[in-house]
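Protein sequence lines, in the order shown, are assigned to chains V and S.
According to the numbering used here, the first sequence holds residues 71 to 177 in order.
According to the numbering used here, the second sequence holds residues 71 to 177 in order.
There are 2 protein chains.
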Amino acid sequence: MTFESKFNLFDNLPGEIPKEIFQTIVQTPHVRIERIISKGHRSEDGFWYDQDQDEWVLVLKGKARIEFEDKSVELGAGDCINIAAHRKHRVAWTTPDEETIWLAIFY
Amino acid sequence: MTFESKFNLFDNLPGEIPKEIFQTIVQTPHVRIERIISKGHRSEDGFWYDQDQDEWVLVLKGKARIEFEDKSVELGAGDCINIAAHRKHRVAWTTPDEETIWLAIFY
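Okay, here's the thing in structure tokens:
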């Protein structure tokens, strides 16, 4: 994202979302800010994210459920959660009724 | 913010906001994530932020106007803007009608 160009995170949603959309907003060697758009998507069976960076993730719109190996957490608009590096997790569910817009910060 | 404790950015707003509230959510040597709560607040006359880090800032709720030396930008819910280090800016206005909740990432 260039400096000083205003952008609305709820805008420019594609009409069809056959696959989850990952858009990098800011990237440096130490941090990546991403917008993610889901609509009923979930991680494939048996797939776990196992990341080298910590991740702080916020749901801006919609609803989702993140699954860890020992528990799951429901997230709605405004909910955020901090996930440690190498803490295995997956997206177990996102609502099919509307887009779920996530802001993810990998740091 | 501890790992895996869900938190809602729209919750836990104080009833009175005599001064702008700055809450650090995540802090490392390279990145700081902050929630800022304003209600009609603006930067003092003649004050300019002049920061060592780049800042990506998002308005989650409310309305605000950021002023640069040569222009100003209005922000509503979902609007984000990327501000380079040492680009002088100030908060010229936030709506007095409701809280403005910002998410700021210094990186």
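Glycine residues also receive a C-beta, built at the ideal position from the N, C-alpha and C atoms.
The structure displayed is predicted, hence computed values, not measured ones.
Problem - Burial state of GLU169/V, where buried means 16 or more other Cβ atoms lie within 10 Å - result: Buried, since its Cβ has 16 or more Cβ neighbours within 10 Å.
Problem - C-alpha gap between ALA154/V and TRP118/V, whole angstroms - result: If you draw a straight line from the Cα of ALA154/V to the Cα of TRP118/V, it comes to about 14 Å.
Exercise for the section: Classify LYS89/V as helix, strand or coil using the three-state DSSP reduction. Expected result: Judged by DSSP in its simplified three-state form, LYS89/V adopts coil rather than helix or strand.
Practice task
Using a Cβ cut-off of 9 Å (strictly closer), state whether HIS100/V contacts chain S.
Solution key: When Cβ-Cβ separations below 9 Å define contact, HIS100/V makes contact with chain S.
Exercise for the section: Just tell me which of GLY85/V, ASP120/V and ILE87/V has its CA closest to the CA of ARG157/V. Expected result: Comparing alpha-carbon positions, the option among GLY85/V, ASP120/V and ILE87/V lying closest to ARG157/V turns out to be ASP120/V.
Handout entry: chain S contacts from the stretch 73-89 of chain V (Cβ-Cβ distance under 9 Å)
Key = Correct list: PHE73, GLU74, SER75, LYS76, PHE77, ASN78, LEU79, PHE80 and ASP81.
Exercise for the section: Could you check the C-alpha separation between LYS133/V and ILE175/S for me, to the nearest Å? Expected result: As the crow flies, the alpha-carbon of LYS133/V is around 23 Å from that of ILE175/S.
Handout entry: Exposure of HIS100/V, with buried meaning 16 or more beta-carbon neighbours within 10 Å
Key = By the neighbour-count rule (16 or more Cβ atoms within 10 Å), HIS100/V is not buried but exposed.
Exercise for the section: Find out if the Cβ-Cβ distance for the pair ASN152/S, PHE73/V is shorter than 9 Å. Expected result: In contact: ASN152/S and PHE73/V (Cβ atoms closer than 9 Å).
Problem - Amino acids of chain V, ordered along the chain, whose beta-carbon sits closer than 8 Å to that of GLY148/S - result: Within 8 Å Cβ-Cβ: ASN78, LEU79, PHE80, ASP81 and LEU130.
Practice task
For the beta strand (DSSP E) containing GLU125/V, list its first residue and its last residue.
Solution key: Looking at the DSSP string, the run of the beta strand (DSSP E) that includes GLU125/V is 125-131.
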